[in-house]
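In full-length UniProt numbering, the protein residues as written are 1 to 271.
Note sheet for the following structure.
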């Protein structure tokens, strides 16, 4: 039964997982697949018996890829007004775009870029005013408000400038899961894992969630272009993400949003 369940999981997410591999020592290379996600080498104490480790690695390929020859280092203004240079990719394309307002009358624009196959899309939210804090905009993105994008976005041909970046975050879920009602698993006296192990006294001591997202010209790692490029002037509207913005991943046919992220232009998050 356990092997059948593991097979169904690997079939859904396209990963190869060895469920019998010990977590002690290095587990590098045990997790791989279409996203080329790999489990990093982890050192676990010899008393650790059960840990929850969830890694989400996303690297999508654009439906219409950006050209590396059009990429160049351009100014990006941090939230405190400091200018830096970030690698910025460019393309002219017909996309879904809209100029919207929140309930408190904060104006922002939304750009939707589909990934190959059009089953997933990246939606970028850029505040219209540079002084708008991402936290205040993010707080108003209710499910009802997101649903309004179905009628608020329209097909528009635009000049698009978007940073190339890689983000990685790791969260400790030890305090989050009990707040959601999952508490017995962390209690040495209440935990019951007899369904997956004959060993008694098992409980979860730690739970981690790690997210890695890459946004590049074509969705795969490659060397960046080094030369400066002069782009022809155009009368098309311009979407230029040259200041902090939010972005969301959406499953197109269901309308489900996975989560939201912030890009604030720190050099450590660009490459």
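No residue lacks a Cβ here, since even glycine has one placed at the ideal position from N, Cα and C.
Item: Other residues of its chain near residue 252: CB distance less than 8 Å, five sequence neighbours each side excluded; Value: 114, 118, 119, 120 and 121
Item: For residue 205, the nearest candidate out of 196, 263, 214 and 177 (CA to CA); Value: 177
Item: Residue 138 - containing beta strand (DSSP E), residue span; Value: Counting along the chain, residue 138 falls outside any beta strand (DSSP E), though it belongs to the alpha helix (DSSP H) covering 134-138.
Item: Counterpart residues of residue 98 in DSSP-defined beta bridges; Value: 110
Item: Beta-carbon spacing of residue 78, residue 264 below 8 Å; Value: yes
Item: Classification of residue 241 by the beta-carbon crowding that lies within 10 angstroms, buried from 16 upward; Value: buried
Item: Given residue 166 as reference, the closest of 256, 236 and 216 once Cα atoms are compared; Value: 216
Item: Where the beta strand (DSSP E) containing residue 154 begins and where it ends; Value: 154-163
Item: Euclidean distance between Cα positions of residue 39 and residue 168; Value: A caution first: residue 39 carries a pLDDT of 39, below 50, which makes its placement in the model too unreliable to give a value.
Item: Three-state secondary structure assigned by DSSP to residue 31; Value: Residue placement at residue 31 is poorly supported in this model, since its pLDDT is 34, which falls under 50; the coordinates are not used for a value here.
Item: Extent of the continuous alpha helix (DSSP H) to which residue 350 belongs; Value: Outside the shown range of the chain (1 to 271) lies residue 350, about which nothing can therefore be said.
Item: Where the beta strand (DSSP E) through residue 144 begins and ends; Value: Premise fails: residue 144 lies in the alpha helix (DSSP H), 143-147, not in any beta strand (DSSP E).
Item: Simplified DSSP assignment, three categories, for residue 222; Value: Confidence in residue 222 is poor, its pLDDT being 33 and thus under 50, which makes the residue's placement too unreliable to answer from.
Item: Extent of the continuous beta strand (DSSP E) to which residue 75 belongs; Value: 72-77
Item: 8 Å Cβ cutoff, residue 201 in contact with chain C; Value: Absent from the structure is chain C; it holds one protein chain and no more.
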